[in-house]
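**Student:** Letter by letter, the sequence shown follows residues 0 to 190 in numbering that gives the first Met the number 0. Just so it is clear, CB atoms sit at the ideal spot from N, CA and C, and this is done for glycine as well. This one's a predicted model, so the numbers in the text were calculated from it and none came from an experiment.
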Amino acid sequence: MPPPKKVEPPHKLVLSTNSIRNTTIAVDDDAFYYEVVTRFWHPNLTKIKKLDTDTAEMVTIAEIEREPGRETRLRFGGQDAEWIPASRFLQKESQKVRGGYFHGNSGVQYRWKTHRRQLQMIRPDSDNKEPLVVRHPHKRHFFFFRMSQHAYLEIKPEVVDSLDALIMSYLLVERRRRSARPRIEFKVAED
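#1: Run through DSSP, which three-state label would S147 get?
#2: Grab me the residues of L89's own chain with a C-beta within less than 6 angstroms of its C-beta, minus the 5 sequence neighbours each way, in chain order.
#3: Looking only at C-alpha atoms, which of A80, G103, H135 and H137 sits nearest to E215?
#4: Quick one: is H149 near chain C, going by C-beta distance under 8 angstroms?
#5: Helix, strand or coil, according to DSSP, for A61 in the structure here?
#6: By the DSSP assignment, the beta strand (DSSP E) with D51 in it spans what residues?
#7: Tell me, please, which residues DSSP counts as bridged to A25.
#8: What did DSSP end up calling I166 once you bin it into helix, strand or coil?
#9: Tell me the DSSP secondary structure of H102 in three-state form.
#10: Mapping DSSP to helix, strand and coil, what is F39?
#11: Compute the Euclidean distance between the alpha carbons of T22 and W40, then round it to the nearest angstrom.
#12: Is DSSP giving E56 helix, strand or coil here?
#13: Tell me which residues share the same chain as E81 and place their Cβ nearer than 7 angstroms to its Cβ, disregarding the 5 neighbours each side in the sequence.
#14: Answer yes or no: do P2 and E153 have a C-beta to C-beta separation smaller than 8 angstroms?
#15: Please classify E7: does DSSP put it in a helix, a strand, or coil?
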């Protein structure tokens with residue numbers, strides 16, 4: 000009898016910076032390599048590019064447009080594609096929850112949720128609620144020096160076919176989470 004098939008280990012997609020507007024998201028061997036770029040001359044437009052390993056070229060897979068006072072919108076597939084509202088791609092479940100639902104490439108529904116202050120993605124129709132994607136935050140030396148460990152997404156092999164939609168939904172959910180946090184502003188008192 001042959002030995003049982005080994006379970007594939009999860010992929011570790013590392014985010015190079017703490018910014019979600021300008022970063023790279025890649026595995027160690029660059030089999031999956033994404034670039035998230037917001038140019039200073041287009042501060043409201045973020046482009047997501049993917050490395051095509053066959054041609055060694057960066058291909059734009061999606062764009063996110065965040066104009067002040069308007070709803071965020073996105074498009075897949077380049078310049079000729081149609082803009083869709085982000086709320087249609089990533090449906091909110093309620094006002095309290097910062098996650099949301101989206102559909103992968105194969106039509107499977109996924110859900111982002113926060114569990115013990117950790118962002119996770121699950122399949123809502125699955126019997127076990129084991130996360131398919133877990134976001135691990137960055138760590139710093141003495142809490143404010145340089146990063147000792149970059150943030151990363153731990154992704155199970157069964158969601159690799161929907162990786163483009165997963166990256167887009169992660170960027171939208173993480174922007175929603177960060178903008179919902181209270182900000183502390185310091186003002187200088189004038190005499």
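**Tutor:** Reading off the structure:
#1: Numbered from 1 along the sequence shown, position 148 holds the residue referred to as residue 147. Reduced to three states, the DSSP call for S147 is strand.
#2: Counting from 1 along the sequence shown, the entry for residue 89 is found at position 90. Cβ neighbours of L89 beyond the five flanking positions: G99, F101, S168 and L171.
#3: Any property of residue 215 remains undetermined from this structure, which presents the chain solely from 0 to 190.
#4: The structure shown contains no chain C, having only a single protein chain.
#5: Here residue 61 corresponds to residue number 62 of the sequence shown, with the count starting at 1. It is a strand residue.
#6: As a first step, residue 51 is located in the sequence shown; it is residue number 52 there, counting from the start. Start and end: L44 to D51.
#7: Counting from one through the sequence shown, the residue named residue 25 turns up at place 26. Its beta-bridge partners are V13 and Y32.
#8: Locating residue 166 in the sequence shown gives position 167, counting from the first residue. I166 falls in the helix class under three-state DSSP.
#9: Taking the first residue of the sequence shown as 1, we reach residue 102 at position 103. Strand, per DSSP.
#10: Here residue 39 refers to the residue found at position 40 when the sequence shown is read from its first residue. It is coil, neither helix nor strand.
#11: As a first step, residue 22 is located in the sequence shown; it is residue number 23 there, counting from the start. As a first step, residue 40 is located in the sequence shown; it is residue number 41 there, counting from the start. Distance between the alpha carbons of T22 and W40: 17 angstroms.
#12: Reading the sequence shown from its first residue, position 57 is the one you call residue 56. In the structure shown, E56 sits in a strand (DSSP, three-state: E or B).
#13: Counted from its first residue, the sequence shown places residue 81 at position 82. Taken in chain order, the residues that qualify are R74.
#14: Translated into positions along the sequence shown, residue 2 becomes position 3. Translated into positions along the sequence shown, residue 153 becomes position 154. Cβ distance not < 8 angstroms, so P2 and E153 don't count as in contact.
#15: For the purposes of this step, residue 7 is taken as the residue at position 8 of the sequence shown. Looking at E7 - three-state DSSP - the assignment turns out to be coil, as it is neither helix nor strand.
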